[in-house]
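Residue numbers (our numbering): 47 to 313.
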């Protein structure tokens, strides 16, 4: 995919690459998608796996906590669940229309010259639909998604032959870092999940806990809203012209924010 920002990074910024989680990170958890997604997962457990509605609700939570996702847990327990069928069922009826173009976030992303990638546990079709609805489809260099993390799952002859790889597993983090091709110590990782942040920190990534005002133990930054990125982490935009003689940040936050393009009237 063609990025909407420049390809060259800021050589004096501490970050060469930015990794962004998708759901509840690039858009608000108040959108309603998460609620419907959970309901669809429970419906899948009832209709496709034969669990009672009461059991399905508890099982969804238990599998997520133990395996990172319901799909991963089901396959680990021996259920021969096709990943494409699962994702189609769970994401197929999501209210994507609730997501509106986010011009402010688009402009923030456009102003960042470093490489930017989406890193999500979701399938590529879901990620693409979300980004298009948000007006961010061309704002990233690549999408690291379920298919990226699970290249061999379609070749499996039994459900547990190739365990599903997802955040917060270290294997998922290793794959993401390999895809970026960047030094994890110079890569900034955004996620709304504490466990994912901890895994990222374990792998040497710089971490940003999104949706929280106070950072967790393993988070380097806390960011309540993505559009406030310039206020919280202005060093992303640092370059030779922006540094003072002592190496400190020369431009003020207001000056950095003024450099972010203003939405066109009626956009």
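Where is the CB? At the ideal position from N, CA and C, for every residue including glycine.
For this session: Taking the CB atoms as reference points, tell me whether residue 124 and residue 215 lie closer together than 8 Å.
Result: no
For this session: Give every residue of the same chain whose Cβ lies closer than 8 Å to the Cβ of residue 92, excluding the five residues on either side of it in the sequence, and list them in chain order.
Result: Excluding residues up to 5 positions away in sequence, 98, 99 and 102 lie with their Cβ nearer than 8 Å to the Cβ of residue 92 in the same chain.
For this session: Could you please give the first and the last residue of the uninterrupted alpha helix (DSSP H) stretch that includes residue 186?
Result: First-last for residue 186: undefined, no H or E at that position.
For this session: Mind the definition here: the region 244-263 touches the region 138-150 only if three or more C-beta pairs lie below 8 Å; say whether that holds.
Result: no
Exercise. Should residue 60 go down as buried or exposed, given a rule of 16 or more other Cβ atoms within 10 Å for buried?
Worked result: The residue is exposed, with fewer than 16 neighbouring Cβ atoms inside 10 Å.
Problem set entry | residue 147 (DSSP reduced to helix, strand or coil) | coil
Exercise. Between 77, 194 and 116, which lies nearest to residue 142 when the distance is taken from Cα to Cα?
Worked result: 77
Problem set entry | Beta-bridge partners of residue 105, as assigned by DSSP | Note: residue 105 sits in no beta bridge, so no partner.
Problem set entry | Alpha-carbon spacing of residue 287 relative to residue 223, whole angstroms | Only weak support is given to the placement of residue 287: the predicted model assigns it a pLDDT of 41, under 50, and the question is left unresolved by the model.
Problem set entry | Supposed contact pair residue 238 and residue 116 - C-beta distance, whole angstroms, cut 8 Å | Rounded, the Cβ-Cβ distance is 19 Å, inconsistent with contact.
For this session: Kindly indicate which residue of 283, 79 and 62 has the alpha-carbon position closest to the one of residue 179.
Result: 79
For this session: Could you give the DSSP three-state label for residue 152: helix, strand or coil?
Result: helix
Exercise. Can you list the alpha helix (DSSP H) stretches of 4 or more residues lying completely in the region 183-259, in chain order?
Worked result: Counting only runs of 4 or more, we get 192-195, 216-226 and 240-248.
Problem set entry | Residue span of the beta strand (DSSP E) that contains residue 90, given as start and end | Residue 90 -> not in any beta strand (DSSP E); alpha helix (DSSP H) instead, spanning 79-93.
Problem set entry | Beta-carbon proximity of residue 245 to residue 219, cut-off 8 Å | In terms of Cβ geometry, residue 245 and residue 219 form a close pair [threshold 8 Å].
For this session: Give the single residue among 193, 132, 254 and 63 whose Cα lies nearest to the Cα of residue 270.
Result: 254
For this session: Quick one: grab the DSSP three-state call for residue 263.
Result: coil
For this session: May I ask you to report which of helix, strand or coil DSSP gives residue 66?
Result: strand
Exercise. With a CB to CB cut of under 8 Å and the five nearest residues on each side skipped, what residues in its chain are close to residue 151?
Worked result: 72, 180, 182, 272 and 273
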